[in-house]
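Heads up, the thing below is written out as structure tokens.
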Amino acid sequence: NVKIYSWSFYEFFETYAGNNIHNTEIDGDLIHNSNNTGSAYIWGRVLVPTNDGNWTDTYANIRKVNLLLDNIPNSEMAEADIAHWRAVGLFFRAHEYFRLLKRFGGVPWLENTVLDTDTDILYGPRDSRDVVASNMLRDLLEAEANIKVNGDGPNTLNKSAVKALISRFGLFEGTWRKYHGLSNHELYLEASISASASLLGEFPNLHSSYDQMYNSEDLDGVAGVILYQHFVV
Numbered sequence: 195n196v197k198i199y200s201w202s203f204y205e206f207f208e209t210y211a212g213n214n215i216h217n218t219e220i221d222g223d224l225i226h227n228s229n230n231t232g233s234a235y236i237w238g239r240v241l242v243p244t245n246d247g248n249w250t251d252t253y254a255n256i257r258k259v260n261l262l263l264d265n266i267p268n269s270e271m272a273e274a275d276i277a278h279w280r281a282v283g284l285f286f287r288a289h290e291y292f293r294l295l296k297r298f299g300g301v302p303w304l305e306n307t308v309l310d311t312d313t314d315i316l317y318g319p320r321d322s323r324d325v326v327a328s329n330m331l332r333d334l335l336e337a338e339a340n341i342k343v344n345g346d347g348p349n350t351l352n353k354s355a356v357k358a359l360i361s362r363f364g365l366f367e368g369t370w371r372k373y374h375g376l377s378n379h380e381l382y383l384e385a386s387i388s389a390s391a392s393l394l395g396e397f398p399n400l401h402s403s404y405d406q407m408y409n410s411e412d413l414d415g416v417a418g419v420i421l422y423q424h425f426v427v
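Below is the structure:
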């Protein structure tokens, strides 16, 4: 039941050919690097929206994860399996909060499932960027420590994928804090460095063809690919 429920979390990932664990906006900017065609974020064209801004969908995803996290301690699975599936949930919750952090900064942090009677939370103020970022790093480090090395089978969330998100999030948050005069930037940069160094040791070789990497229908067995979306064609 837990496995089947968690399958829906994979829909949180962006669809082809958007960002993914192995595909960033920065890659595209190596070719299309200008104010008009490059990343809207890097070139300062992104504005904080005055309306929803994907807020509802992202918090719906966070609620799905929190339902798992709140109920998994009652499972009859072995402790190692409980820790693994909790790690899966923590990864995906951090993944969704990363969207919110990049777009809004500080947002309400929901540690548990929110009910319609929790009006103090539903109508409460947003939490600080410090709270959101520190909780994300806490969750990702716990996920890294407890997730099964090879996940739950081929092309499922695994320890390397968790490290990839730590690397990306740590670099983003660390540099943001450094260049905006916020505290603790070293904490996030060191987490990124540690995760990145580990990944470089695991994946010393990258696929030689940029075109095949980003224009293939199946990335199974491609060097350097940690996690990919499988399409039935």
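So the sequence shown is numbered by our numbering: it starts at 195 and just counts up by one. Here a beta-carbon is modelled for each residue, glycine too, at the ideal position from N, C-alpha and C.
For Leu421, no alpha helix (DSSP H) encloses it, and the DSSP letter there is neither H nor E.
If you compare the alpha carbons of Phe292, Glu411, Ala288 with that of Glu336, the shortest gap goes to Ala288. When DSSP states are grouped into helix, strand and coil, Met407 belongs to the helix group. Each residue's CA atom was taken as its position, placing Ser322 and Ile315 some 14 Å apart.
Note on geometry: alpha-carbon atoms of Val325 and Gly300 lie some 8 Å from one another.
With fewer than 16 other CB atoms across the displayed protein chains lying within 10 angstroms of its CB, Lys197 is exposed. Across the structure, Glu380 and Leu295 are spaced so that their CA atoms are roughly 18 Å apart. With 16 or more other CB atoms across the displayed protein chains lying within 10 angstroms of its CB, Trp279 is buried. Here the alpha carbon of Ile360 sits roughly 10 Å from the alpha carbon of Ser354. If you ignore the 5 residues before and after Ser390, its C-beta comes within less than 6 Å of the C-beta of Ser361, all in its own chain and listed in chain order. Judged by pairs of C-beta atoms under 8 Å, the segment 266-281 touches the segment 337-350, as three or more such pairs exist.
Across the structure, Ser402 and Phe292 are spaced so that their CA atoms are roughly 30 Å apart. Around the beta-carbon of Met271, fewer than 16 other beta-carbon atoms lie within 10 Å, marking it exposed. A distance below 9 Å separates the beta carbons of Phe363 and Leu331. If you draw a straight line from the Cα of Leu351 to the Cα of Val419, it is about 12 Å long.
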